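A short write-up of the structure that comes next.
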Amino acid sequence: MKYYDRIEFADQDEIRRIQGIRLKNTVYQATASRFYRGKLAMAGIRVSSVNQAEDITSLPFTTKEDLRANYPDGLLTMPVDRMVRLHASSGTTGAATVIYHTSNDLNSWAGLVARSMHAAGVRSWDVFQNMSGYGLFTGGLGIHYGAERLGCLTIPAGAGNSKRQIKMLKDFKVTVAHIIPSYALHLGSVFDDLGINPRSLQLKIMLIGAEPHSEEVRRRIEAIYGVKAYNSYGLSEMNGPGVAFECEAQSGMHLWEDSYLAEIVDPKTLEPVPDGEVGELVLTTLCREGMPIIRYRTRDLTRFIPGDCPCGRIHKRIDRITGRSDDMIVLKGVNIYPMQVEKVLMSIPEVGQNYVIELERKGYLDQMRVKVEIRDEFFVEDMRTLQALQQKIAGLLREEILITAKVDLVEHGSLPKNQGKAVRVVDKR
Ligand code: ADP
Ligand code: ZN
């Protein structure tokens, strides 16, 4: 069974046709909400003028600020009593936004997650441990219902409590896990502390996502656990996980175009970028009735990967998210993304599994301090060896980000560990 549902191998024409129909439907549905009734009228949009996928460009954008200004229910198209669940973003960049779902919405979301997991090679006979936080965060219940839909034995482990996680992985012979990448690295060091080899488990697939991470981190996770790790992208405004997911080819994430209409625009001009270039991902829900969202500016930076995927799926692939447009660090006039720093650090064998970037002001000068955990076997008494390592890291960083950072080497386990998404940048300026 290569595909989970028929739509996965739809051709370009069929996908465009479905998008046209569903876009019209979505706009029609959206006019039932207080927010879009006003917004669409202001933009002079009539449902009758939206007939094909290309008509998307005539519609106005929706921003996170719009969602906040209409908190909590200004985008609902039906009375609240038709809604059956509510989720919220984790609030990484400010006040949380709330999304309501009808039971049809939850049903189509679970289908998307099941399809995504299947594309990464998960099957009904797998034993699946979900190490995401449950509650308002969509990585918990969102993935959970998808895994059950696929037919996996699903263990709602939740976040944290590493020793218990490891016990469950062993006792229940878990074959697939869903885990935030920074936590996967951390859990690896807990295995070390316990003297258990993670490769001795039955694990063969890890689904990693919810936060930016570099290819180097993926490789580390694969090496630590002896698994294949697949990137999973989603955001609560677009349901959560199940928006875009890597297939077994591991060459970019297929964005499910029957359910989301994706555009990549220049964040300044809001015009589409030339094909294959990086810009801001803009998404429209095509299968949501309770709270449809049109042209949502995700603030996530990525590009469409040109060409065909060896798996045969036509759904467009997006590249690893470079970061959010508001993650960019401006230091001494240079623009830096935290992922550039991570890429360098994680390619250095002596570097352990955790790091943090601190921005400080010394007098009038801004400076970057990178605190890096060093693997136990390299954390030696010998000052000269450590100094050499420090210089090596600073040098490699300079090549990538063109700035000389102060590098502090610290012992494994000494940097703060977050339960959910890692906080990689602390701005003390
Ligand atoms: P918050 O915006 O508060 O973090 P969400 O839980 O909705 O709330 O998180 C969605 C965001 O997480 C995305 O917009 C994106 O920035 C980030 N994200 C999710 N999955 C990935 C991924 N695979 N790679 C990089 N970033 C991701
Ligand atoms: Zn593919």
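For the sequence shown, position 320 matches number 311 in my numbering, and the numbering has no gaps at all.
The beta carbon of each residue, even a glycine, is placed where N, CA and C say it ideally should be.
Remember, it's a predicted structure, so these values are computed and weren't measured experimentally.
The region 137 to 149 makes contact with the region 101 to 110: 3 or more CB pairs, one atom from each, lie closer than 8 Å.
Its chain contains 176, 177, 179, 180 and 364 as the residues whose beta carbon lies nearer than 7 Å to that of residue 344, once the 5 sequence neighbours on both sides are disregarded; these appear in chain order. For residue 270, the CB stays at least 7 Å from every heavy atom of the ligand ADP.
Listed in chain order, the alpha helix (DSSP H) runs fully inside the region 95 to 133 amount to none, counting runs of at least 4 residues. If you check the C-beta of residue 278 against the ligand ZN, you find no heavy atom less than 7 Å away. Annotation for residue 10: the continuous alpha helix (DSSP H) segment containing it runs 3 to 21. Using a cutoff of 7 Å, the CB of residue 52 does not count as near the ligand ADP, since none of the ligand's heavy atoms is closer than that. Taking C-beta separations shorter than 6 Å and ignoring five residues to either side along the sequence, the partners of residue 66 in its chain run 24, 26 and 282, following chain order. In the structure shown, the three-state DSSP call for residue 242 is coil. The DSSP-derived three-state label of residue 135 is helix. In the three-state DSSP reduction, residue 215 falls in the helix class (H, G or I). Partner residues in a beta bridge of residue 301, as assigned by DSSP, do not exist. Leaving aside the five residues that flank residue 218 on each side, the residues in its chain whose CB is nearer than 7 Å to its CB run, in chain order, 194, 195, 196 and 197.
Annotation: residue 157 is outside any beta strand (DSSP E); the continuous alpha helix (DSSP H) that includes it extends over 153 to 162.
With a cutoff of 8 Å on beta-carbon distance, residue 76 and residue 44 are scored as not near each other. A distance below 8 Å between beta-carbons, with the five flanking residues on each side excluded, links residue 38 to the following residues of its chain, in chain order: 15, 18, 19 and 22. Judged by the Cβ position, residue 109 fails to qualify as a neighbour of the ligand ZN at the 7 Å threshold, every heavy atom of the ligand being at least this far. Secondary structure note for residue 382: its alpha helix (DSSP H) is the uninterrupted segment 374 to 392. DSSP places residue 92 inside the beta strand (DSSP E), whose first and last residues are 89 to 92. If the five residues before and after residue 3 are omitted, its C-beta is found closer than 7 Å to the C-beta atoms of 305, all from its own chain and listed in chain order.
Per DSSP, the unbroken alpha helix (DSSP H) holding residue 176 starts and ends at 172 to 185. Taking the Cα positions, residue 369 is about 15 Å away from residue 336.
In this structure, the beta-carbon distance from residue 384 to residue 327 does not fall below 8 Å. Where residue 253 is concerned, the enclosing beta strand (DSSP E) starts and stops at 251 to 256.
In the structure shown, residue 275 adopts extended strand secondary structure according to DSSP, grouped into three states. 8 Å or more divides the Cβ of residue 236 from the Cβ of residue 229. For residue 417, the number of other beta carbons within 10 angstroms of its own is below 16, and it is reported as exposed. As DSSP reads the structure, residue 364 sits in a beta bridge with 401.
Cβ-Cβ distances below 7 Å link residue 54 to 288 in the same chain, with the five nearest sequence neighbours on each side left out; the list follows chain order. In the structure shown, the three-state DSSP call for residue 351 is strand.
Look at residue 312: its beta carbon is less than 7 Å from one of the heavy atoms in the ligand ADP.
The shortest C-alpha to C-alpha distance from residue 333 to any of 277, 265 and 172 is the one to 172. Around the beta carbon of residue 85, a 10 Å sphere encloses fewer than 16 other beta carbons of the protein chains shown; the residue is thus reported as exposed. The three-state secondary structure of residue 417, taken from DSSP, is strand.
The continuous alpha helix (DSSP H) containing residue 32 extends over residues 25 to 33.
Per DSSP, reduced to three states, the secondary structure at residue 290 is strand.
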